[in-house]
Ligand SMILES: [Zn+2]
């Protein structure tokens with residue numbers, strides 16, 4: 047699933063590649079990908095994107111103050127630029143054709159199609175954009191903010207930092223990297239975190255996401271799809287490999303579709319977290 051660093055680099059590449067190119071038309075190849083009816087898609091014909099933004103995991107392509115395309119790629123969605131003459135495959139959910147003969151296409155492989163597109167007068171018309179949490183690379187994201195938020199509710203810290211209505215853009219992979227860098231167990235309860243632990247979490251979040259952006263940017267080389275950006279991850283997907291800090295084997299907890307990677311020595315006081323099926327639900 048694309049997370050903040052992936053989306054931030056996509057935003058940069060889109061800003062390089064699609065702005066000010068007149069659009070011929072837009073089409074929802076999979077009708078239910080488009081979640082809005084007004085304004086209609088042909089409102090895009092003859093216009094051009096003037097800015098590309100990001101709020102949480104949403105990319106926002108702005109035509110003018112009162113016309114925006116809001117894209118959420120969900121788990122498997124990708125954006126590709128390709129010649130308009132190229133065959134539109136079944137995986138293509140949505141496309142914009144530029145007058146110059148190229149398309150921007152939203153492609154989603156696999157049987158479950160969850161990516162979505164909204165055409166709106168105001169990005170906040172999209173419910174999840176309106177309810178988006180604080181941006182972790184913004185000035186509002188501080189240890190004080192975390193202390194305030196975390197005092198309100200008893201939740202496991204991984205669950206809390208991946209909740210898009212609390213903090214934008216962090217998914218399961220970067221959450222594991224952040225908690226590893228902060229030396230915090232993913233199942234610690236938020237209301238038990240002490241001041242110095244909140245400071246560590248705050249600093250680790252910024253550092254891991256910034257490093258993730260740099261690594262993804264370097265691998266993308268100006269293209270929308272970067273080759274295996276996750277190769278730069280220190281712990282995610284590396285169960286059984288030695289921890290890069292202490293050398294002990296990295297452990298994994300599985301719950302439904304979510305996998306959590308952590309170092310029992312560095313993050314959990316040498317305790318292996320029992321693979322309880324219920325733990326992520328609490
Ligand atoms: Zn370790």
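Residue numbers (the numbering used here): 47 to 328. By construction, the Cβ of each residue, glycine as well, lies at the ideal position given by its N, Cα and C atoms.
On the three-state DSSP scale, how would you describe residue 71?
-> strand
Runs of beta strand (DSSP E) lying entirely within the region 104–176, each at least 3 residues, in chain order | 104–110, 113–118, 123–129, 138–144, 148–154, 162–166
Between residue 207 and the rest of its own chain, which residues show a CB-CB distance below 6 Å, the 5 nearest in sequence each way excluded?
-> 213, 216, 221
Using only alpha-carbon positions, find the residue among 88, 83, 93, 250 that is nearest to residue 187.
-> 250
Across which residues does DSSP place residue 98 in a beta bridge pair?
-> 107
Among 315, 277, 230, 81, which residue has its Cα nearest to the Cα of residue 171?
-> Comparing alpha carbon positions, the residue from 315, 277, 230, 81 closest to residue 171 is 81.
8 Å Cβ shell around residue 178 - same chain, five flanking residues per side excluded = The answer, listed in chain order, is 101, 102, 104, 210, 211, 214.
Close-in-space but distant-in-sequence residues of the same chain around residue 65 (CB under 8 Å, 5 per side omitted) | Only 94, 95, 96, 97, 98 meet the Cβ criterion.
Counting only the same chain and skipping the five closest in sequence on each side, list residues whose C-beta sits under 6 Å from that of residue 246.
-> If we look at residue 246 and ignore the five residues flanking it on each side, its Cβ neighbours are 228.
Selected residue, minimal CA-CA separation from residue 164, among 156, 174, 158, 155 | 174
Locate the beta strand (DSSP E) running through residue 301, then write down its first and last residues.
-> Annotation: the continuous beta strand (DSSP E) that includes residue 301 extends over 297–301.
Could you check what DSSP says for residue 79 in three-state terms: helix, strand or coil?
-> helix
Assumed close pair residue 258, residue 59 - CB separation to whole angstroms, cut-off 8 Å | So it is not a contact: roughly 15 Å between Cβ atoms.
Compute the Euclidean distance between the alpha carbons of residue 291 and residue 161, then round it to the nearest angstrom.
-> 37 Å
Which listed residue (77, 235, 78, 109) has its alpha carbon closest to that of residue 91 | 109
Select from 122, 242, 126 the residue whose C-alpha is nearest the C-alpha of residue 270.
-> Closest by alpha carbon: 126.
Taking the alpha-carbon positions, what's the residue 255 to residue 293 distance?
-> Distance from the CA of residue 255 to the CA of residue 293, rounded to the nearest whole angstrom, comes to 24 Å.
Exposure label - residue 184; buried when at least 16 CB within 10 Å | Only exposed fits residue 184, as fewer than 16 other CB atoms lie within 10 angstroms of its CB.
How is the beta strand (DSSP E) around residue 265 delimited, first residue to last?
-> Premise fails: residue 265 lies in the alpha helix (DSSP H), 241–266, not in any beta strand (DSSP E).
Straight-line CA distance for residue 86 to residue 78?
-> 14 Å
Cross-strand partners of residue 307 (DSSP beta bridge) = 298
Span separating the alpha-carbon of residue 137 from that of residue 71 = Roughly 19 Å separates the two Cα atoms.
Excluding sequence positions up to five away, which residues of its chain have a Cβ less than 7 Å from the Cβ of residue 323?
-> A caution first: residue 323 carries a pLDDT of 48, below 50, which makes its placement in the model unreliable, though a value can still be read off. The residues are 301.
For residue 133, count neighbouring C-beta atoms within 10 Å of its own C-beta (all shown protein chains included) and say buried if the count is 16 or more, exposed if not.
-> exposed
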